[in-house]
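The opening position of the sequence shown corresponds to residue 9 in this note's numbering, with each subsequent residue numbered one higher.
Just so it is clear, CB atoms sit at the ideal spot from N, CA and C, and this is done for glycine as well.
Below is one structure, written out as structure tokens; the observations come after it.
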Amino acid sequence: MKPLTASELTELVSGLNRLARNLWWSWDQEAQEVFHDLSPRGWQNLYHNAVAILREVSPYELRVRLQDPGFADRVRSVLSRFDAYIKAPKTWGTENAPNLVTNPVAYFSAEFAFHETLPIAAGGLGALAGDHAKSASDLGIGFVGVSLFYREGYFQQAISQENWQTEYYTQLNPTNLPLEPVLDARGDQLVGSVRIAASTVRFHAWRVNIGRVPVYLLDTNRPENEPMFRDLTLRVYGGDSTTRVMQEIVLGVGGVRLLRMLGLQPSTFHMNEGHAAFLTLELIREKLAAGSPFDQAASLTKAECLFTTHTPVEAGHDRFTSDLLGYAGQGFLSDLRISHEELMNLGRVRAGEASETFCMTVLALRYSRAANGVSELHGAVSREMWMELYGAKTPEEVPIGHITNGIHLVGWMKGTVRRVWKRKFHQLYPAKSEIDWFADANNPEFWAKLADPSVTSDEEVWALRYRLRRELVEFTRRRLLLQGGTFSHGDFITFDAFLNPDALTIGFARRFATYKRAPLIFDQFEAVVKLVKDSGHPIQFVFAGKAHPRDDSGKRFIQKVIHLSKYSELKGHLVFIENYDIHVARQMVSGCDVWLNNPRRPLEASGTSGMKTTAHGCLNMSIMDGWWREGYNGNNGFSIGPDSHPADVDEQDRVDSENLYNVLTQEVIPSFYNRDADGVPRQWIGKIREAWRTLAAEYSTWRMVQEYSNKYYSRR
Ligand SMILES: *Cc1c(COP(=O)(O)O)cnc(C)c1O
Numbered sequence: 009m010k011p012l013t014a015s016e017l018t019e020l021v022s023g024l025n026r027l028a029r030n031l032w033w034s035w036d037q038e039a040q041e042v043f044h045d046l047s048p049r050g051w052q053n054l055y056h057n058a059v060a061i062l063r064e065v066s067p068y069e070l071r072v073r074l075q076d077p078g079f080a081d082r083v084r085s086v087l088s089r090f091d092a093y094i095k096a097p098k099t100w101g102t103e104n105a106p107n108l109v110t111n112p113v114a115y116f117s118a119e120f121a122f123h124e125t126l127p128i129a130a131g132g133l134g135a136l137a138g139d140h141a142k143s144a145s146d147l148g149i150g151f152v153g154v155s156l157f158y159r160e161g162y163f164q165q166a167i168s169q170e171n172w173q174t175e176y177y178t179q180l181n182p183t184n185l186p187l188e189p190v191l192d193a194r195g196d197q198l199v200g201s202v203r204i205a206a207s208t209v210r211f212h213a214w215r216v217n218i219g220r221v222p223v224y225l226l227d228t229n230r231p232e233n234e235p236m237f238r239d240l241t242l243r244v245y246g247g248d249s250t251t252r253v254m255q256e257i258v259l260g261v262g263g264v265r266l267l268r269m270l271g272l273q274p275s276t277f278h279m280n281e282g283h284a285a286f287l288t289l290e291l292i293r294e295k296l297a298a299g300s301p302f303d304q305a306a307s308l309t310k311a312e313c314l315f316t317t318h319t320p321v322e323a324g325h326d327r328f329t330s331d332l333l334g335y336a337g338q339g340f341l342s343d344l345r346i347s348h349e350e351l352m353n354l355g356r357v358r359a360g361e362a363s364e365t366f367c368m369t370v371l372a373l374r375y376s377r378a379a380n381g382v383s384e385l386h387g388a389v390s391r392e393m394w395m396e397l398y399g400a401k402t403p404e405e406v407p408i409g410h411i412t413n414g415i416h417l418v419g420w421m422k423g424t425v426r427r428v429w430k431r432k433f434h435q436l437y438p439a440k441s442e443i444d445w446f447a448d449a450n451n452p453e454f455w456a457k458l459a460d461p462s463v464t465s466d467e468e469v470w471a472l473r474y475r476l477r478r479e480l481v482e483f484t485r486r487r488l489l490l491q492g493g494t495f496s497h498g499d500f501i502t503f504d505a506f507l508n509p510d511a512l513t514i515g516f517a518r519r520f521a522t523y524k525r526a527p528l529i530f531d532q533f534e535a536v537v538k539l540v541k542d543s544g545h546p547i548q549f550v551f552a553g554k555a556h557p558r559d560d561s562g563k564r565f566i567q568k569v570i571h572l573s574k575y576s577e578l579k580g581h582l583v584f585i586e587n588y589d590i591h592v593a594r595q596m597v598s599g600c601d602v603w604l605n606n607p608r609r610p611l612e613a614s615g616t617s618g619m620k621t622t623a624h625g626c627l628n629m630s631i632m633d634g635w636w637r638e639g640y641n642g643n644n645g646f647s648i649g650p651d652s653h654p655a656d657v658d659e660q661d662r663v664d665s666e667n668l669y670n671v672l673t674q675e676v677i678p679s680f681y682n683r684d685a686d687g688v689p690r691q692w693i694g695k696i697r698e699a700w701r702t703l704a705a706e707y708s709t710w711r712m713v714q715e716y717s718n719k720y721y722s723r724r
């Protein structure tokens with residue numbers, strides 16, 4: 009083999025640098041493996057950070073490593089796939105949404121979850137936004153994202169000796185992250201400003217590359233800003249409602265201004281939840297400044313905007329008092345040439361009702377040409393919730409539709425599984441190209457083929473399930489060791505007493521909002537203890553999740569679960585993994601056999617974590633709420649109770665906990681442990697196949713973003 013020439017080396021090195029700064033690598037298996045193999049230990053210590061890996065490996069080492077012809081070939085193949093992906097001239101979007109090529113969708117979200125090294129999301133809303141952006145990229149539709157750069161991100165969770173959640177923050181360093189400063193034509197940092205209270209607050213922005221899609225993160229940490237404004241974008245939903253309203257002015261107003269500075273004329277402004285609703289006021293201001301009267305400016309704005317509501321839970325709808333909005337939002341009065349009372353009325357259901365606070369959801373609904381909930385039931389609940397705003401006599405008259413959420417399927421696959429499915433993809437479709445995978449992995453036909461026993465045998469499914477469960481057990485034990493607090497000294501000796509790689513493993517991981525009722529299953533404590541100790545048919549639990557820093561009831565739920573995991577008969581059969589994030593989520597949705605979801609119906613608008621399990625052969629066991637009401641077909645998982653709920657909340661808790669126990673003992677455990685002479689649970693595997701056929705492609709953002717595009721983005 010001839011050594012690489014200097015120019016070939018330079019090309020590969022610069023290619024790797026480009027690749028590390030585009031999070032596309034995180035959903036391309038071979039790209040990820042290239043960074044991993046450069047420094048396997050660094051990969052773990054740096055929490056899978058490709059940019060940091062390229063800083064840790066010296067330029068000299070990198071050139072030496074690339075002289076290994078096998079490695080250089082792998083890098084070349086990844087880079088050529090990356091270029092083919094980025095430059096593909098024909099995509100779903102160019103064919104089906106050509107208007108978005110020149111006038112993209114601008115998607116505003118207070119949080120985005122893309123990767124564990126950029127923790128700028130609090131939970132499901134951010135995960136959904138991140139997955140929406142990734143699928144917009146895969147589909148090749150014109151799309152830009154807008155959010156804030158929280159340099160301390162969302163909190164990291166630690167658990168005290170009293171099993172109480174405490175929060176700490178770490179600083180994100182942009183030079184170690186896939187972030188690029190947004191520059192003007194002269195190469196200087198682009199700087200914009202918004203009016204907050206009586207001050208002018210300046211911001212700059214960072215660009216994250218999500219495949220073909222740019223996402224811009226606004227950052228007020230500038231030396232010329234007053235100190236309180238420098239820290240405005242410090243933390244995700246940080247501080248009190250004063251911080252909140254000010255962050256939302258930066259997001260909504262600043263976001264539109266940034267897009268204009270970049271020369272963008274979006275065809276649709278999509279508000280992912282109400283946090284960004286001030287963007288409507290900025291769009292009205294622009295039109296007033298161009299000479300339109302208010303009513304015309306308002307109706308033109310309405311034609312440009314789209315709103316997705318995400319929760320029926322009251323606390324999920326931002327409300328600001330008249331005093332607060334009058335103080336923080338005083339700039340709106342002169343910008344819009346309206347009185348304070350008129351401004352307040354834009355966020356009220358009843359104009360002139362002094363007792364009503366300013367609601368961001370109301371503002372968003374008022375100035376959107378279309379609005380939607382995130383599942384069929386949530387659409388119906390939202391229509392009922394907002395009848396008065398529309399002066400409707402029946403919910404059917406309320407113009408709120410629904411598009412059921414999804415997940416970015418390929419991105420959520422654990423490497424173990426992604427390798428297997430990708431290999432089968434190439435076997436099934438030998439003529440397809442490397443980048444067809446990103447599309448066809450979302451095709452129901454592909455999943456129907458995978459589910460066929462002639463393509464994936466029962467033995468293969470079961471071996472994969474064992475491997476994934478073992479990986480979770482090993483991951484959990486390692487985390488427990490790092491968490492420390494869970495053990496007394498003697499426990500280290502019997503470390504393998506924590507979790508059993510053969511046992512039916514039930515996972516529960518989500519925000520510890522109280523309506524999600526994390527400890528519900530332990531209401532039947534004595535009965536559950538019997539189940540975990542049944543040596544022939546043991547079950548075990550893995551829990552994780554964060555409570556909002558100011559949610560003491562949520563923290564008490566965490567305390568209860570951890571207390572049981574340490575001091576009750578459940579010890580060793582129940583573990584709590586600290587610091588839930590998307591990396592922990594991926595380990596859990598892949599390794600568990602059953603994914604437990606027991607919210608108070610109908611408060612789980614959609615839920616998405618359960619969708620992440622399907623590709624891994626984990627089955628859902630859920631209340632008939634959100635997406636599961638639509639997904640469950642009787643044989644692709646388990647339903648807890650019927651498609652209805654008692655009106656009384658205490659009654660609901662009691663009935664649901666009984667139903668949960670019943671489905672567990674009557675359906676789940678018998679089916680899992682029903683083994684044939686070869687030790688294979690054929691019936692259980694049949695359910696996994698049915699889940700692949702009916703859920704995997706349907707609950708993907710590939711399907712979801714197409715629906716948004718067909719129904720809303722391409723229509724004016
Ligand atoms: C998917 C995900 C969520 C959302 O889970 P739900 O089931 O909707 O509660 C929250 N947090 C993280 C880290 C996730 O990956």
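Considering Cα atoms alone, identify which of the options is closest to residue i.
| i | options | result |
| --- | --- | --- |
| residue 383 | 616, 191 and 422 | 616 |
| residue 521 | 542, 154 and 554 | 554 |
| residue 265 | 525, 199 and 307 | 199 |
| residue 296 | 476, 524, 340 and 285 | 340 |
| residue 632 | 164, 457, 385 and 240 | 385 |
Measuring only between beta-carbons, confirm whether residue i sits less than 8 Å from chain D.
| i | result |
| --- | --- |
| residue 614 | Note that chain D does not occur in the displayed structure, where there is just one protein chain. |
Name the DSSP bridge partner or partners of residue i?
| i | result |
| --- | --- |
| residue 603 | 515 and 628 |
| residue 176 | 164 |
| residue 31 | DSSP lists no partner for residue 31. |
| residue 203 | 208 |
| residue 646 | 629 |
| residue 278 | 115 and 314 |
| residue 189 | 214 |
| residue 547 | 512 |
| residue 120 | Note: residue 120 sits in no beta bridge, so no partner. |
Residue i to residue j, Cα distance in whole Å?
| i | j | result |
| --- | --- | --- |
| residue 652 | residue 713 | 29 Å |
| residue 716 | residue 338 | 35 Å |
| residue 501 | residue 201 | Only weak support exists for where residue 501 lies, its pLDDT of 46 falling under 50; the value from the coordinates is given anyway. Using only the alpha carbons, I get a separation of about 59 Å. |
| residue 256 | residue 353 | 18 Å |
| residue 306 | residue 610 | 34 Å |
| residue 484 | residue 115 | 36 Å |
| residue 50 | residue 588 | 21 Å |
| residue 235 | residue 671 | 56 Å |
| residue 679 | residue 634 | 25 Å |
| residue 130 | residue 516 | 17 Å |
| residue 96 | residue 20 | 21 Å |
| residue 190 | residue 94 | 20 Å |
| residue 218 | residue 113 | 15 Å |
| residue 332 | residue 250 | 7 Å |
| residue 24 | residue 91 | 12 Å |
| residue 12 | residue 86 | 17 Å |
| residue 487 | residue 107 | 48 Å |
| residue 203 | residue 272 | 22 Å |
* Asked: Does the segment 613-628 come within contact of the segment 638-649, defined as at least 3 CB pairs closer than 8 Å?
  -> They touch, by the three-pair rule.
* Asked: Does the segment 412-421 touch the segment 687-707, meaning 3 or more C-beta pairs lie closer than 8 Å?
  -> Per the Cβ contact rule, the segment 687-707 is in contact with the segment 412-421 (3 or more Cβ pairs under 8 Å).
* To do: Answer yes if the segment 65-79 comes into contact with the segment 443-458, meaning at least three C-beta pairs across the two stretches below 8 Å, and no otherwise.
  => The segment 443-458, when compared against the segment 65-79, does not touch it at the 8 Å Cβ threshold.
* **Cβ contact check for the segment 253-263 and the segment 283-294: 3 or more pairs under 8 Å** => With a cut-off of 8 Å, the segment 283-294 and the segment 253-263 count as touching, because enough Cβ pairs lie within range.
* Asked: Does the segment 392-403 come close enough to the segment 335-350 to have 3 or more Cβ pairs within less than 8 Å?
  -> Judged by Cβ distances under 8 Å, the segment 392-403 makes no contact with the segment 335-350, as fewer than three pairs qualify.
* **Cβ contact check for the segment 114-125 and the segment 69-77: 3 or more pairs under 8 Å** => In short, these stretches do not touch, since the Cβ pair count stays below three.
* Inspect the CB distances between the segment 453-468 and the segment 534-541 and report whether three or more fall short of 8 Å. => No, the segment 453-468 does not touch the segment 534-541.
* **Ordered list of alpha helix (DSSP H) runs contained in the segment 551-583, each at least 4 residues** => Along the segment 551-583, the alpha helix (DSSP H) occurs as fully enclosed runs of 4 or more residues at 560-575, listed in sequence order.
* Asked: Within the chosen definition, does the segment 207-215 reach the segment 129-146 through at least 3 CB pairs nearer than 8 Å?
  -> Result no; under three Cβ-Cβ pairs closer than 8 Å.
* Run through the segment 209-238 for me and flag every whole alpha helix (DSSP H) of 4 or more residues, listed as ranges in chain order. => Taken in chain order, the complete alpha helix (DSSP H) segments of 4 residues or longer contained in the segment 209-238 are 235-238.
* Please specify which runs of the beta strand (DSSP E), each continuous and at least 3 residues long, are wholly inside the segment 367-434, giving them in chain order. => Counting whole runs of 3 or more residues, the segment 367-434 contains the beta strand (DSSP E) stretches 378-381 and 408-410.
* To do: Kindly confirm or deny that the segment 175-186 and the segment 589-602 touch, where touching means at least three C-beta pairs closer than 8 Å.
  => The answer is no - the segment 589-602 does not touch the segment 175-186, with fewer than three Cβ pairs under 8 Å.
* Which whole runs of the beta strand (DSSP E) in the segment 284-359 are 3 residues long or more, in chain order? -> Qualifying beta strand (DSSP E) stretches, in chain order: 313-316.
* To do: Decide if the segment 221-228 is in contact with the segment 149-162; the criterion is three or more beta carbon pairs, one per stretch, under 8 Å apart.
  => Because the criterion of three Cβ pairs below 8 Å is met, the segment 221-228 and the segment 149-162 touch.
* Do the segment 28-35 and the segment 43-62 meet, that is, are 3 or more Cβ pairs less than 8 Å apart? -> Contact between the segment 28-35 and the segment 43-62 is present, because at least three Cβ pairs lie under 8 Å.
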